[in-house]
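Residue numbering for the sequence shown follows our numbering, starting at 396 and increasing by one per position.
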Amino acid sequence: MLLRQIRYFIVVADAGTFSEAAAQCFISQSALSQQIKSLEDELDVRLLERLPRRVILTEAGRYLYEHGKQLIVAAEKLKTDVQAVANKNSERLTVTWITGSTPQFLDRALCAFKRQFPDVPVDVYSAGYNEAFYALDTGHTDVVLAGRAAPHGSEYDSIYLSDALYSVWISEACPASSKDYVTANDLKDLPCIIVASDRERDAEQQFIREFAGLDNLNLFTQNTDEAALMAAAGSGFYLTDNPNCPAGLKKVPFHKGGLPLAKSYYFYTVNSNNYVQAFADILTDICKVV
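Structure (structure tokens):
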């Protein structure tokens with residue numbers, strides 16, 4: 396016996412007809428009739444007398460009608476209480492960004508949030524693209540900050556934040572470092588250093604190949620510091636939107652199709668609690684003046 400079936404039964408009893416009740420429940424009359432029939436079969440009693448123009452309650456139906464309404468009210472209260480407990484235990488904010496692509500506005504946003512909510516714990520970590528959105532789907536993070544579109548077919552609340560231009564970090568010993576800007580053709584003989592976990596390598600390769608038009612994608616590391624050191628050693632170049640290039644490396648703008656290559660940062664969430672909304676407002680305000 397499902398709560399949904401009891402709800403349907405109460406609507407039918409109040410409406411007096413299956414057609415009117417079906418309209419109120421936004422389902423077909425045949426589907427509603429089947430739900431009531433399943434309820435009667437499970438209880439092994441007749442709940443309604445079906446007359447030509449209306450239905451009336453049997454004695455068993457009257458009993459279920461009265462006690463069923465009490466059950467629905469109790470179920471709603473239980474739902475509210477459970478949500479209240481969950482909200483109390485989740486009074487924290489968890490933010491995830493994509494590994495190798497730390498938004499330059501994130502530190503200011505976190506500081507502003509802590510000033511506004513000093514007692515709310517904040518967890519911040521990076522993850523691969525697929526791992527980050529899996530964490531969002533499974534409730535392990537409240538927010539994903541990503542400089543690319545969400546996975547195809549997904550449905551998240553999203554907010555556009557800002558654009559960021561790409562450049563390459565490259566050793567000054569490399570001929571391309573002297574250019575005003577570089578393209579994929581200028582870098583075809585030098586490996587692109589990709590920051591990704593072992594599980595995310597294939598996905599990152601595909602993204603960079605399609606987004607930036609680069610093909611020499613066979614050099615991997617798991618953090619930005621190592622990527623910078625590898626670039627300094629002349630092992631490859633690192634494609635990034637981070638404007639803070641380490642000493643000893645040259646930052647050269649990257650162009651594609653005759654234009655600077657840029658990414659758009661978005662805020663993604665499935666959680667609309669007060670802390671998530673407050674963090675979204677803070678990010679939006681900061682990005683307006685960046």
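Heads up, the beta-carbon is just placed ideally off N, CA and C, and yes, glycines get one too.
Problem - Under 9 angstroms between C-beta atoms of TRP564 and LEU501 - result: no
Exercise for the section: For the alpha helix (DSSP H) containing THR619, list its first residue and its last residue. Expected result: 619-627
Handout entry: Option nearest ASN639 by Cα separation, candidates ASP620, ILE589, CYS420, ARG449
Key = ASP620
Exercise for the section: Give me whichever residues DSSP pairs with ASP691 in a beta bridge. Expected result: This structure cannot settle anything about residue 691, because the visible part of the chain is limited to 396 through 685.
Problem - LEU656 versus PHE649 - alpha carbon distance - result: 6 angstroms
Handout entry: Close Cβ partners of ALA568 (< 7 angstroms) along its chain, the five nearest in sequence each way excluded
Key = GLY629
Practice task
Grab the span of the alpha helix (DSSP H) containing ARG448 for me, first residue to last.
Solution key: From DSSP, ARG448 is part of no alpha helix (DSSP H); its letter is neither H nor E.
Handout entry: Beta carbon of PRO586 nearer than 9 angstroms to that of LEU614
Key = yes
Practice task
Report the residue ranges of all alpha helix (DSSP H) runs contained in full by the stretch 413-444; include only those spanning at least 4 residues, in chain order.
Solution key: 413-420, 424-438
Handout entry: Nearest to SER562 (by Cα), restricted to the options ASP439, ALA469, LYS651, ALA426
Key = LYS651
Practice task
Compare the beta carbon distance of THR491 and VAL440 with 9 angstroms and say whether it is the shorter of the two.
Solution key: no
Practice task
Can you give me the start and stop residues for the alpha helix (DSSP H) that VAL407 sits inside?
Solution key: 398-410
Problem - Three-way DSSP call (helix, strand, coil) for TYR561 in this model - result: coil
Handout entry: Anticipated Cβ contact below 8 angstroms, SER577 with VAL647, distance rounded
Key = The residue asked about is misnamed: residue 577 is Val in this sequence, not Ser. About 5 angstroms separates the two Cβ atoms, so the contact holds.
Handout entry: Span separating the alpha-carbon of ALA626 from that of ASP476
Key = 55 angstroms
Practice task
Tell me, please, which residues DSSP counts as bridged to VAL519.
Solution key: VAL490
Exercise for the section: Check each candidate in ASN669, CYS682, GLY653 and name the one with the smallest Cα separation from TYR661. Expected result: CYS682
Practice task
Would you identify the three-state DSSP class for SER659, choosing helix, strand or coil?
Solution key: strand
Problem - alpha helix (DSSP H) segment containing LYS509, residue limits - result: 501-511
Handout entry: Alpha carbon of PHE674 to alpha carbon of ASN618, nearest angstrom
Key = 26 angstroms
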